[in-house]
Structures are given as structure tokens and as C-alpha cells.
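See below for the structure under consideration.
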Amino acid sequence: MRDKQMRFKNPDSSYYGTDFFMLNNTLSSRELLFQLAEMSKIGTKSILIRTYSGLNSDYPGENFKKKTRFIIENAKKLGITVYLQAKYMPECIPNIPSEYAISHIVPKKTNEVSLGDNVICTHNDMSFCVCLSGSIVHLFDKNSVDYYIKDCYENMWSDFEEFYGNTVLSVWVDEPAFGRAFPPCPKSFFDIFKNEYGYDIAPHIFKLWFAEDDYKTVRYHYWTLIQKLMENNYFKRLKAWCKTKNLKFSGHLLGENCLKNQIRFSAAA
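In terms of our numbering, the sequence shown is residues 17 to 285.
Written out as C-alpha cells, the structure is:
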């Protein structure tokens with residue numbers, strides 16, 4: 017028992033948190049060394065290298081990568097481990113090819129529907145349309161997830177694999193989600209749904225918004241299938257990639273403080 021008490025009072029580095037280390041273009045090598053040394057003095061054991069909105073940075077450019085390599089090489093000397101970050105969060109992929117982008121089910125007033133809108137269901141004065149997102153990767157489709165892994169993990173950090181599993185513990189992902197305004201509509205969703213539950217959900221789509229008839233069953237079936245597709249095509253796929261690279265699968269979801277929001281953003285707790 018005394019040994020456990022001592023370990024609790026003086027935990028080893030595996031129990032420490034990981035601190036964000038935000039970079040900008042003006043940080044010199046001397047300044048980076050100073051900051052790393054100061055972090056080490058106060059007990060920092062692990063850092064996540066990234067930048068943020070408002071900072072002057074060429075991320076994900078060569079200057080950022082050069083600073084990242086310098087930090088990793090010197091963090092290793094100080095016994096500080098490093099987390100890298102996936103190039104882009106799944107909800108914001110610039111210039112994503114349309115075949116890898118998710119679609120959503122969007123409600124519109126029927127008199128506001130445009131020519132060419134893909135209407136799948138109408139109810140009262142509402143029409144429910146399938147609309148393609150502009151920047152959100154399709155997390156329910158294996159080919160789309162493979163594209164994301166290739167672009168934001170492999171290509172982004174290919175020059176850093178020598179550090180994987182030693183100084184670099186993980187490539188961290190920020191907020192993997194499928195959009196916050198409207199429910200997702202994966203590729204071939206209606207066929208997959210019918211095969212799973214034995215009925216066509218299209219005429220019942222309005223029940224995702226309207227509490228009518230068997231809406232509880234429809235919503236349960238819809239969100240259960242969304243969870244299954246995301247788990248199998250995104251989480252398991254990315255976890256397997258991390259394992260092949262000797263990396264931990266890590267990241268920050270959305271709405272961790274609220275069960276309802278966790279389901280809304282990533283289909284499950």
C-alpha cells in the first residue's frame with residue numbers, strides 16, 4: 017500500500033498531461049530551446065506541436081516542419097515526448113475532391129427548393145434534400161478515410177517516421193466529426209439502411225426532426241447505423257494505421273462534456 021501511495025504522490029511521466037506548444041514564424045531556434053528548457057524545468061513531460069488561428073504561420077509548410085524537427089530533436093535530449101497533429105481536422109479539408117466529401121440531409125421550405133436539389137422526402141411544407149458539404153471528409157466511407165489518412169497523416173509527416181514510437185508518441189487528430197448543422201447522409205446510405213433494418217428510411221427522414229408516429233425507432237435506427245459506419249470506416253481504420261506506425265491513436269472529439277452533443281457530433285459517447 018505504501019508503494020502505491022508513493023507512486024500516487026510521485027507519478028511517472030506516463031501519467032502526466034500533454035501541453036500544447038503553439039508555433040509561429042518568428043520563433044527562432046534560440047527561443048525554441050529556451051522554451052523547451054523552461055518547460056522541462058517545471059516538469060513538462062509531453063508536448064503537442066501545432067499552431068492556431070491568429071498566429072502568423074506557414075502551417076503546414078516547410079518552415080513549420082523545420083521548427084517541428086528542431087523541437088523533436090531537442091525534446092528528445094530533455095526526455096520530453098512529442099505529439100504531432102494531423103494536417104487538417106476532418107471537418108475542414110481545403111479543396112477536398114467531391115467524391116471524398118460528406119453529404120448532409122438539409123430541410124428546406126418546399127417553396128424555396130431549387131431546380132436540381134435532390135429531394136428525398138417531403139412533409140407538410142418542408143422538403144428534405146441531400147446536399148454535398150464543401151470541406152468535410154466522408155468519415156463513413158473507407159476510400160474517403162484512406163484519402164484523409166494519406167493526405168493528413170502519411171504525406172504530412174512522412175519525413176518524421178524515424179521518430180515514431182520513441183520521441184513521437186502519436187499523430188493527434190482534432191475534432192473528427194461529420195458537421196454540426198445537419199445529419200449526415202453517407203454514400204449508398206439508403207441501400208445500407210434497408211439491408212440493415214428491412215425498410216426504406218427515405219419516406220421517414222422527416223422524423224429526424226418531427227416527433228411523430230414511430231420517430232423514436234427511426235431515430236434509433238438512423239443514429240445506430242451512423243455510429244456503426246463511422247466506427248468501422250474511420251475509427252478502426254485510423255487505429256489500424258496508427259498501429260502499423262507504432263503510434264498511439266489519440267485526439268480530441270467534440271462535446272465531451274455533454275452526452276447529447278457527443279452523439280450529435282460523432283454518433284456515440
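Here a beta-carbon is modelled for each residue, glycine too, at the ideal position from N, C-alpha and C.
In whole angstroms, give me the CA-to-CA distance for residue 22 and residue 57. Near 22 angstroms, if we compare the C-alpha coordinates of residue 57 and residue 22.
Expected contact under 8 angstroms - CB spacing of residue 32 and residue 62 to nearest Å: With a contact defined as Cβ atoms closer than 8 angstroms, residue 32 and residue 62 qualify at about 6 angstroms.
Rounded distance between the beta-carbons of residue 170 and residue 105, thought under 8 angstroms: With a Cβ gap of about 17 angstroms, residue 105 and residue 170 do not count as contacting.
Check this for me: beta carbons of residue 264 and residue 185, under 8 angstroms apart or not? It is a contact, given that the beta carbons lie within the stated cut-off.
Taking the beta strand (DSSP E) that residue 97 falls in, what are its first and last residues? Counting along the chain, the beta strand (DSSP E) containing residue 97 begins and ends at 97-101.
Could you tell me if residue 157 is buried or exposed, where buried requires 16 or more neighbouring beta carbons within 10 angstroms of its beta carbon? The residue is buried, with at least 16 neighbouring Cβ atoms inside 10 Å.
Once the 5 residues before and after residue 120 are set aside, which same chain residues still bring their CB inside 7 angstroms of it? Here the set comprises 147, 149, 195, 198, 199, 200 and 201.
Can you give, in chain order, each stretch of the alpha helix (DSSP H) that sits fully within the segment 129-169 and has at least 4 residues? The segment 129-169 contains, as complete alpha helix (DSSP H) runs of 4+ residues, the segments 158-165 (chain order).
From what residue to what residue does the beta strand (DSSP E) around residue 186 run? First-last of the beta strand (DSSP E) with residue 186: 184-190.
Kindly indicate which residue of 236, 261, 270 and 215 has the alpha-carbon position closest to the one of residue 181. Here the closest residue by C-alpha is 261.
Give me the Cβ distance between residue 37 and residue 65, rounded to the nearest whole Å; I'm assuming they're in contact under 8 angstroms. With 8 angstroms as the limit, residue 37 and residue 65 qualify as a contact, their Cβ atoms being about 5 angstroms apart.
Is the beta carbon of residue 40 closer than 8 angstroms to that of residue 155? No, Cβ-Cβ distance for residue 155 and residue 40 is not below 8 angstroms.
Count the other C-beta atoms from every protein chain shown that fall within 10 angstroms of the C-beta of residue 272, then say buried if there are 16 or more, exposed otherwise. Residue burial annotation: residue 272 is exposed, with fewer than 16 other C-beta atoms found within 10 angstroms of its C-beta.
Could you give the DSSP three-state label for residue 219: helix, strand or coil? Here residue 219 sits in helix by DSSP.
Residues that DSSP places opposite residue 119 in a beta bridge: Bridge partners of residue 119: 148.
Below 8 angstroms, can you find three or more Cβ-Cβ pairs linking the segment 77-94 to the segment 131-144? The segment 77-94, when compared against the segment 131-144, does not touch it at the 8 angstroms Cβ threshold.
Expressed to the nearest angstrom, what Euclidean distance is found between the alpha-carbon atoms of residue 152 and residue 53? Residue 53 has its alpha-carbon roughly 39 angstroms from the corresponding atom of residue 152.
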